[in-house]
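To convert, note that position 144 of the sequence shown is 132 in the working numbering; the numbers rise steadily by one, no gaps.
Cβ coordinates follow ideal geometry from the N, Cα and C atoms, glycine included.
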Amino acid sequence: DSDIYIYLIDLRTGETIYKTDPQIDGYVLEFNYFGDRYYLLDQITKELKEYDVKTKEFKRIVKGIISSSDSSLVGFNYTSHSLMFRNGNTGVLLDSFKIPNTPNTPLFHVSSTGYEFSIDSRYFLFGLYDPLNSSTSYYYIYDRQSREIIWQKTLYEHESLRYQFFNTSNKIAFAEEVQLPEDDKVYSYIRIFDPDTRTIVKDIKLSEYPCSGFALGMDDKRLVYQLFDPEVYNVNHIYNNEKNIFEAFRFKVPGSLTLIDTNVIYSYIGYGLAAYKFDSTVFIEENGGQEETSIYPNPTTQNATIELKSIDIGKSWILSDVSGGLIRQGKIEAESSLNIDLAEFARGTYYITIIGANEQRTYKLIKQ
-11 DSDIYIYLID LRTGETIYKT DPQIDGYVLE FNYFGDRYYL LDQITKELKE
39 YDVKTKEFKR IVKGIISSSD SSLVGFNYTS HSLMFRNGNT GVLLDSFKIP
89 NTPNTPLFHV SSTGYEFSID SRYFLFGLYD PLNSSTSYYY IYDRQSREII
139 WQKTLYEHES LRYQFFNTSN KIAFAEEVQL PEDDKVYSYI RIFDPDTRTI
189 VKDIKLSEYP CSGFALGMDD KRLVYQLFDP EVYNVNHIYN NEKNIFEAFR
239 FKVPGSLTLI DTNVIYSYIG YGLAAYKFDS TVFIEENGGQ EETSIYPNPT
289 TQNATIELKS IDIGKSWILS DVSGGLIRQG KIEAESSLNI DLAEFARGTY
339 YITIIGANEQ RTYKLIKQ
């Protein structure tokens, strides 16, 4: 049907906490900082309602979602262009801060992306934009202790803020295409900013291709990133942030990378969210440095044949296009080879990924 449903899922347990009712619910649906409350915007009353995750019991009407470790709520005054911090439980105003040098217009808005506290809630990242000049947006980090802006970044049309706060400290990582003094041209970097010292403490040089996104592990020891490489699509690279090295293993997950924690990677495939077990130690020791294998179909039959191993029985396979869109999937039974009929497919590049519990390998199918 034409109705759109949104699901709130606890990725730790796989439990569906809530499924929206398109006739009643709005689209604000997320957990609080502690994970014990979730929030719904009532489409009829326009009120934001707080519910208990375990009991699903309605708790109260709230002014905002508690996304900080000290239970603070933050709002934006569109007239004065000020941040308003309140106690999320009592509503008492804790602090207000007027953002300097903003355009003199009440239309100035808070950006919907990039709106987050650091791990100890001292630092607050937020973005602003003028709807009358949407080609430019501004992002800031506000120090709630010293009451000052300590970091600012201007983004122009078609640029996006690719960032993540660390999970174990106040540091923030952000992707940037920049030419540093030692460079001969622009390269993509992941740069790590420490708000406690107000300095860039690390520059991770990635490639001559832009970084399309990255995600830190929950312990901040590894990060996974993707590049806008015209020759290779949806390939994930690993940087060991603890050892300061790029790990040899690369892997392909159909769809776009969403996030990674210590053991699981989540990615979008078509209209679904898929989860993959991730054990970097096993991957690196057994499959380090593995490259893609290119396969061309038989020019007469247009069949592409992939030879299987006995250990492949019971594994899954996924056929995807270069954008990561799911085309076909299946499970390997007792066959010795996997035959893919490309007769009705357009010329181009496709990918077959064989997925096991502790191994994943990808073949590139090229139809000429």
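Do residue j and residue i count as a contact pair if the criterion is CB distance below 9 Å?
i      : j      : result
Thr124 : Tyr130 : no
Asp54  : Lys37  : Per the sequence shown, the amino acid found at residue 54 is Ile instead of Asp. Cβ distance not < 9 Å, so Ile54 and Lys37 don't count as in contact.
Ala292 : Ile340 : yes
Arg179 : Phe162 : yes
Phe181 : Val189 : yes
Leu211 : Asp191 : no
Cys199 : Glu170 : no
Phe85  : Phe73  : yes
Tyr111 : Arg132 : yes
Ser304 : Lys319 : yes
Lys51  : Asp24  : no
Thr281 : Asp329 : no
Phe105 : Tyr21  : yes
Here's the rule I'm using: 16 or more other beta-carbon atoms within 10 Å means buried, otherwise exposed. How should residue i be labelled?
i      : result
Glu18  : exposed
Arg349 : buried
Gly76  : buried
Asn229 : buried
Glu145 : exposed
Arg335 : exposed
Phe134 : Note that residue 134 corresponds to Ser in the displayed sequence, not to Phe. When all chains shown are included, Ser134 counts as exposed.
Val62  : buried
Pro88  : exposed
Gln356 : exposed
Asn158 : buried
Asp300 : buried
Asn224 : buried
Ser122 : exposed
Ser308 : buried
Tyr227 : buried
Leu215 : buried
Ile32  : exposed
Tyr126 : buried
Lys34  : exposed
Could you tell me which residues DSSP pairs with residue i in its beta bridges?
i      : result
Arg179 : Phe162 and Asp191
Arg110 : Beta-bridge pairing links Arg110 to no other residue.
Val212 : Ala203 and Ile226
Tyr6   : Leu(-4)
Gly115 : Tyr127
Phe73  : Val62 and Asp83
Ser57  : In the DSSP output, where bridge partners are listed per residue, Ser57 has none listed.
Ser122 : DSSP, once it has assigned bridges, lists no residue as partnering Ser122.
Ala292 : Ile328
Gln152 : Ala161
Val50  : Leu36
Gln317 : Ile306
Between the alpha carbons of residue i and residue j, how many angstroms are there, rounded?
i      : j       : result
Asp208 : Phe153  : 10 Å
Ser324 : Arg316  : 19 Å
Pro287 : Asp217  : 28 Å
Ser56  : Ile107  : 8 Å
Leu28  : Tyr(-7) : 13 Å
Ser176 : Ala331  : 39 Å
Asp40  : Ser70   : 31 Å
Glu279 : Ile(-3) : In this prediction, Glu279 scores a pLDDT of 47, lower than 50, which makes its location untrustworthy; the coordinate-derived value is nonetheless stated afterwards. When rounded, the distance between both Cα atoms is 35 Å.
Ile5   : Ser59   : 22 Å
Asp83  : Asp184  : 20 Å
Phe114 : Gln140  : 10 Å
Pro285 : Phe333  : 11 Å
Thr337 : Phe234  : 27 Å
Leu326 : Ser148  : 40 Å
Ser195 : Tyr213  : 11 Å
Ile354 : Tyr128  : 45 Å
Ala322 : Asp172  : 54 Å
Gly2   : Leu81   : 37 Å
Asp9   : Glu219  : 42 Å
Asp30  : Lys44   : 15 Å
Leu143 : Thr90   : 15 Å
Tyr256 : Gly302  : Here Tyr256 scores only 45 on pLDDT, less than 50, and its place in the model should not be relied on; the value that follows carries that caveat. Their Cα atoms are separated by approximately 23 Å.
Glu136 : Ser68   : 16 Å
Met357 : Ile306  : Residue 357 lies beyond the range of the chain shown here (-11 to 356); nothing can be said about it.
Ser109 : Lys231  : 28 Å
How close, in whole Å, do the beta carbons of residue i and residue j come, if the pair is a contact with beta carbons under 8 Å?
i      : j      : result
Lys352 : Ile283 : 7 Å
Ile160 : Tyr151 : 6 Å
Leu120 : Asn155 : Actually they do not touch by this definition, with Cβ atoms about 37 Å apart.
Lys7   : Tyr26  : At roughly 12 Å, the Cβ-Cβ gap does not stay under 8 Å, so Lys7 and Tyr26 are not in contact.
Val98  : Phe64  : 5 Å
Are the C-beta atoms of residue i and some chain C residue less than 9 Å apart?
i      : result
Ile340 : Judged by its chain identifiers, the structure shown contains no chain C, having just a single protein chain.
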